[in-house]
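Heads up: the protein sequence lines correspond to chains L and D, in order. Under our numbering, residues 1 to 591 are what the first sequence spells out, in order. Under our numbering, residues 592 to 1182 are what the second sequence spells out, in order. Where is the CB? At the ideal position from N, CA and C, for every residue including glycine. Structure record follows, encoded as structure tokens.
2 protein chains.
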Amino acid sequence: MRIFRIAMAQMNATVGDLEGNVRAIVKWIKEAKKAKADLIAFPELAVTGYPPEDLLLMPRFLELNRRALDEVVSHCRAIAAVVGYVGQGASSESKLKEPITVPAARYEVHNAAAVIADQRLVTSYYKRYLPNYGVFDESRYFCPGRGIPVIVLNGTTVGVNICEDIWLPEGPHRAQAAAGAEVIVNINASPFHLAKGRFREQMLATRARDNGVIVTYTNMVGGQDELVFDGNSLILDQAGEVLVRGKAFEEDLLVVDLDVAAVGRSRIPHARKRWLGQAKTRTERIVVSGAYTPRRGAPILPGGARVLEPLEEVYSALVLGVRDYVRKNRFRRVLIGLSGGVDSSLTAAIAVDALGGKNVLGVLMPSPHTSRESREDATELARRLRIETRTIPITRIFKAYLQSLSEVFQGRRPDATEENIQARIRGNLMMALSNKFGYLVLTTGNKSEMSVGYATLYGDMAGGFAVIKDVPKTMVYELARLRNRGGAAAVIPKRVLDKAPSAELKPDQRDEDSLPPYPLLDPILQAHVEEDRSLDEIVRMGFDRETVSKVITMVDRSEYKRRQAPIGIKITHRAFGKDRRMPITNQYRNV
Amino acid sequence: MRIFRIAMAQMNATVGDLEGNVRAIVKWIKEAKKAKADLIAFPELAVTGYPPEDLLLMPRFLELNRRALDEVVSHCRAIAAVVGYVGQGASSESKLKEPITVPAARYEVHNAAAVIADQRLVTSYYKRYLPNYGVFDESRYFCPGRGIPVIVLNGTTVGVNICEDIWLPEGPHRAQAAAGAEVIVNINASPFHLAKGRFREQMLATRARDNGVIVTYTNMVGGQDELVFDGNSLILDQAGEVLVRGKAFEEDLLVVDLDVAAVGRSRIPHARKRWLGQAKTRTERIVVSGAYTPRRGAPILPGGARVLEPLEEVYSALVLGVRDYVRKNRFRRVLIGLSGGVDSSLTAAIAVDALGGKNVLGVLMPSPHTSRESREDATELARRLRIETRTIPITRIFKAYLQSLSEVFQGRRPDATEENIQARIRGNLMMALSNKFGYLVLTTGNKSEMSVGYATLYGDMAGGFAVIKDVPKTMVYELARLRNRGGAAAVIPKRVLDKAPSAELKPDQRDEDSLPPYPLLDPILQAHVEEDRSLDEIVRMGFDRETVSKVITMVDRSEYKRRQAPIGIKITHRAFGKDRRMPITNQYRNV
């Protein structure tokens, strides 16, 4: 039994924090050395954090990234490492002859995986397939690589590649397998969205089986602005069976013994053998001679982490997203406006799970339209979550606005204007508390509201981070129920889940006065916003034409609001923000 | 003398308005037919407007775009046309063998130029070089084309290509010229920034001369969200001399007789001939037989439009940007908060030039910190611009906030919080007027403020369109002086230009209490924000290290504000918004 001992560091890197990231990388390398690993793999762009966006256009940043890698290299004695960083300069194979996207950077910049052994940078693999869709902008920064190295390390043949590369059947793993690779080391910064984990695992199993190789998938973990990387690193054997799973939404170090001798004995059907044989792309074989000989103990084959249910995954993503946004932006405490509704209740529960109750302050800002029940529910929620509250009624301020505007508004009837004034008074109060005490304001709007514009710009939309911005209202209820089941006792009062949603900005207001009921609204929104379906298609799904037309129009007309909304955590296939880039000036009416 | 009569339609398309764009295209075709043109060229993506952004991911939108093109084709009797639209499907030459960016769309989508003759779509040229830097995201949507058609039309050989294609010396024009093209029809949606026109003209002159061809450059005109297309279409002869210029910042139809016989006689140096001869890329020769024979009158060689000075260009871009944002988003009137400062004065002047004085309402919102001079200056400006004003003092509302917050703020000293509350009261009042009367709020912050975060989120930053967001403060003064020279009498009172800038949010406040003087600040900002220079580099330019370090830190820490700012007009090499994509969570400190 020939064994290759691999360590995978599922790391929470921070964008721009080169020193902090290197410190973390070095710490993991030391642990992996103690565990006698042959090689340790780190996520894509572990040195810079992902995505560094336009930092990549700054020559000084690229230089410091390279120096940070040198620091990592100096710590790789008696262990090999694969580390994501930003590579620069063309190898002889990366000269491009065909017309492709021209990057803005003055230098040829690559999304690179450093292969390090014996305190030496052996080679750099440059990512070949650059995602430039959804939240990704990699063609803005990087040139695609051309070289396909295959590394022979302590007798085991290893193919290194990066993230998107392995999503294509004809990716570099094929040429690497054809050239004899037994283990594919694929490093990733793959952000979470609902159901992605399952696709990812199916795809990796297929790649392993198709190519008859062990696939190791090392993912980033942690929150970065709109994105949450979910970890869930994987190792699959040559038959596509999962050997081990990394933790979900937590840092983790996996050390596993791979039976590479078995790879050579794997039976690949003839047709697939021919397909592999046709992967004629020239690979570059690099032998790392035995400059170190790690001693081995007993085989290591940990059981690995539990697979979360989809709703648990979403909740975990929201908690980690909040924790990391707050921590990485050097805040400690947050403010949440508590209305007694389900959105602010869920947001508060998530914040408490992310930061602890003592770092969350609830703010009640009642008006004459606020019901007794809402005040009671907000107070009860705070009591159960053990968070402090402040109460600042808005009536006096609202009256001052109406008086000051009475002359200009003379002869005009009350309308949405007066509702928005109230919401904006609350926004101003929240920001005043934020300015005075240095707390971050978390907003509480859900995806259904953000979609149709049922929210007040600078009012309830005012704040630094929009926790459940990508969570449809119907899922808000599901998550609230999940959270109530999770703890010893339900934290969100039952009445919050049972009563009809209302903005409480005028007497007897109900969301359903302005919007279709959420169980009807949400699937229409999903079809339009996430799936680009046309009016006719949505009607054919079984919805009333007038309703669909009204919903689409509301979505399309609210783009200006969303453009000024705070960022929030992506949990669906398509979130607002970088993920969906619509013009504001847009006369296309798909109705 | 063999003559090719070309028409160039410098058109103001609207994103998403397929019907409106087709109506405009058909109108221009009719005019060009009257003028007996052989061919009329329209801008890049004239059918959809540019950039359509994620509309391009909607199958229904692509289908309607194709139908819109069919409508255009049906009008091209007895004239040929080159029309920008979205092409779909691979030609045999556009199958890609090399790894390139994988687009998100399910279909192979192209930025295309339809070549139409005799009511027939003769061929489509697919753009080969897709810009994916700065404000451009073309790799998100399009596959690069591979085919290079050369069209023989009424005896003249024409090479069609699109925008970025011609910015590369080895672009398709080279192969087209080598294959005998006499005229290059290059169609564009090229957004304005300062000094771009000069680079563009130099580049086009070089391409014409290098390849010994006539180059016709048809540009879009008009505002689209952050972008203003400046028109300034050009025709250059085979010696690189400008034959004719389109208007700046206005629609225009140019009809010009090109002496194509002279192209064949042009003397190309031997070295360049060899270089051209090496352009071996296979071109596809398409002969459009003489299905129509336009009769010709006397040769047409108009003198063309005047070249504007750089500052005039900026002013014109701002006026057109405001006019089109307002018009294309179906507003009629705008609101501007008038403080008596230079920013709001300039913004008001631009708005009046864009929309007429009767469509601009000035709002004065004085506080106890507002000086008598500021009130006088704001009133005098409004008088000279002939715009109506409303005055809504904020003192009463401010007192109500302080009272309501007194308990929570007990024991805390006044700080920036109280300044921000005032700014946010003004934001709320402006939005209340906007909601009640349906006017668009224009914000008045300049680029220097936006850079260092010297502005209140939801306060003075509250509004739909930020007119001078990309104009540094020192240039605000230059533009104000330019405007004062332009009219019969100075519209911006002299005292506005002379007094020290102040936010007037506390007693005796001056911008210079918090910021370096603007003539010092602006070049540092330019170096950091627009040129990606490091601290050391900027210090070497002759600035004090501590000042530079402070400025860089202010810029980097204000990203969260800019992310929620209204969009505004790009006029520099690098604007905020789509042009500069920085992470909010970012621990890189280049200081």
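For Phe-1056(D), list the residues DSSP reports as bridge partners. According to DSSP, which records beta bridges pairwise, Phe-1056(D) is partnered with Leu-1033(D).
Is it buried or exposed for Ala-382(L), if we count other Cβ within 10 angstroms and need 16 for buried? That one is buried.
What span of residues does the beta strand (DSSP E) with Gln-88(L) cover, start to end? First-last of the beta strand (DSSP E) with Gln-88(L): 80 to 88.
Give me, in chain order, the residues of the same chain whose beta-carbon lies closer than 7 angstroms to that of Glu-684(D); leave out the 5 immediate sequence neighbours on both sides. Note that Glu-684(D) scores 38 on pLDDT, short of 50, meaning its location in the model is unreliable; the coordinates nonetheless yield the value given after this. Excluding residues within five positions, the ones whose Cβ falls inside 7 angstroms are Arg-737 and Gly-738.
Please list the terminal residues of the continuous alpha helix (DSSP H) segment that includes Leu-138(L). In the sequence as displayed, the identity of residue 138(L) is Glu instead of Leu. For Glu-138(L), the enclosing alpha helix (DSSP H) has its first and last residue at 138 to 141.
Report the rounded CA-to-CA distance for Gln-1117(D) versus Leu-721(D), giving the unit in angstroms. If I take the Cα positions, the gap works out to 27 angstroms.
So is Met-1145(D) in contact with chain L if we call contact Cβ pairs under 8 angstroms? Chain L contact via Cβ: absent.
Status (buried if at least 16 other CB within 10 Å, exposed otherwise) for Ala-1023(D): Burial call: buried.
Please decide whether Leu-57(L) counts as near chain D, where near means a Cβ-Cβ distance under 8 angstroms. Closer than 8 angstroms to some Cβ of chain D, the Cβ of Leu-57(L) qualifies, so yes.
By Cβ distance below 7 angstroms, which residues in the same chain neighbour Ile-631(D) in space, the five residues on each side in sequence not counted? So the list reads Ala-598, Ala-600, Trp-619, Ile-620, Ala-623, Ile-670 and Ala-672, once near-sequence residues are dropped.
Ser-404(L) versus chain D: which residues are under 8 angstroms apart at the beta carbon? The contacting residues are Ile-983, Pro-984, Ile-985, Arg-987, Ile-988 and Leu-1020.
Taking beta-carbon pairs under 9 angstroms, can you tell me which members of the segment 319 to 345 of chain L lie near chain D? Within the segment 319 to 345 of chain L, the residues whose Cβ lies closer than 9 angstroms to some Cβ of chain D are Asp-324, Tyr-325, Lys-328, Asn-329 and Arg-330, listed in chain order.
Go ahead and pull the three-state DSSP assignment for Arg-1101(D). Note: Arg-1101(D) maps to coil in three-state DSSP.
Length-filtered (4 minimum) alpha helix (DSSP H) runs lying within the segment 741 to 773 of chain D: If we require 4 residues or more, the alpha helix (DSSP H) runs fully inside the segment 741 to 773 of chain D come out as 763 to 769.
Member of Arg-5(L), Ser-514(L), His-528(L) and Thr-585(L) whose CA lies at the smallest distance from the CA of Pro-501(L): For Pro-501(L), the closest alpha carbon among the candidates Arg-5(L), Ser-514(L), His-528(L) and Thr-585(L) is that of Ser-514(L).
Contact check, Phe-142(L) vs His-110(L), beta carbons under 8 angstroms: In contact: Phe-142(L) and His-110(L) (Cβ atoms closer than 8 angstroms).
Based on the DSSP secondary-structure assignment, which residues constitute the bridge partners of Val-360(L)? Per DSSP, the beta bridge partners of Val-360(L) are Val-334(L).
Can you list the alpha helix (DSSP H) stretches of 4 or more residues lying completely in the segment 510 to 561 of chain L, in chain order? With a minimum length of 4 residues, the continuous alpha helix (DSSP H) runs that stay inside the segment 510 to 561 of chain L are 511 to 514, 518 to 525, 535 to 540 and 545 to 557.
Coarse secondary structure for Thr-370(L), derived from DSSP in three states: Note: Thr-370(L) maps to coil in three-state DSSP.
Given this structure, state the Cα-to-Cα distance separating Met-1(L) from Val-288(L), to the nearest angstrom. Taking the straight line from one Cα to the other gives about 21 angstroms.
Name the DSSP bridge partner or partners of Met-649(D)? Assignment of beta-bridge partners to Met-649(D) by DSSP yields no partner.
Residues near Phe-840(D) in its chain [Cβ-Cβ closer than 7 angstroms; skip 5 each side]: A distance below 7 angstroms between beta-carbons, with the five flanking residues on each side excluded, links Phe-840(D) to the following residues of its chain, in chain order: Val-812, Asp-821, Gly-822, Ser-907, Ala-908 and Leu-911.
For Val-255(L), which residues of its own chain have a beta-carbon under 6 angstroms away from its beta-carbon, when the five flanking residues on both sides are left out? So the qualifying residues of the chain are Ala-7, Ala-35, Ala-37 and Ile-300.
Please report the distance separating the alpha-carbon of Asp-1051(D) from that of Val-467(L). In this structure, the straight-line span from the alpha carbon of Asp-1051(D) to that of Val-467(L) is close to 26 angstroms.
Three-state secondary structure (DSSP) at Glu-1001(D)? At residue 1001(D) the sequence reads Gln, which differs from the Glu that was named. Reduced to three states, the DSSP call for Gln-1001(D) is coil.
Below 6 angstroms CB to CB, which residues in the same chain sit around Ala-104(L) once its five sequence neighbours on both sides are set aside? Because Ala-104(L) carries a pLDDT of 37, less than 50, the predicted location of this residue cannot be relied on, and the following value inherits that uncertainty. Here the set comprises nothing.
Tell me, please, which residues DSSP counts as bridged to Val-228(L). The bridge partners DSSP lists for Val-228(L) are Gly-223(L).
Would you mind stating whether Lys-570(L) and Val-135(L) have Cβ atoms separated by less than 8 angstroms? Cβ atoms of Lys-570(L) and Val-135(L): closer than 8 angstroms.
Give me the residue from Glu-388(L), Arg-386(L), Met-365(L) and Glu-373(L) with the minimum Cα distance to Ile-397(L). Looking from the CA of Ile-397(L), the closest CA among Glu-388(L), Arg-386(L), Met-365(L) and Glu-373(L) belongs to Met-365(L).
Alpha carbon of Glu-373(L) to alpha carbon of Gly-340(L), nearest angstrom: Taking the straight line joining both Cα atoms gives about 8 angstroms.
Using C-beta distances below 6 angstroms, list every residue in its chain close to Asn-777(D), excluding the 5 sequence neighbours before and after it, in chain order. Taking C-beta separations shorter than 6 angstroms and ignoring five residues to either side along the sequence, the partners of Asn-777(D) in its chain run Asn-752, Ile-757 and Tyr-808, following chain order.
Quick check on Glu-226(L): buried or exposed, where buried means 16 or more other Cβ atoms within 10 Å of its Cβ? Taking all protein chains shown into account, Glu-226(L) has 16 or more neighbouring C-beta atoms within 10 Å of its C-beta and is therefore buried.
Does the Cβ of Lys-864(D) have 16 or more other Cβ atoms within 10 Å, making it buried, or fewer, making it exposed? Classification for Lys-864(D): exposed.
Between Ser-139(L) and chain D, is the shortest Cβ-Cβ distance under 8 angstroms, so that the two count as touching? Judged by the 8 angstroms Cβ criterion, Ser-139(L) is in contact with chain D.
Report back the beta-carbon spacing between Ile-978(D) and Gly-948(D) to the nearest angstrom; my notes put them in contact at under 8 angstroms. That pair is a contact at about 5 angstroms.
If you count every other CB in all the chains shown that lies within 10 Å of the CB of Ala-13(L), and 16 or more means buried, which is it? With 16 or more other CB atoms across the displayed protein chains lying within 10 angstroms of its CB, Ala-13(L) is buried.
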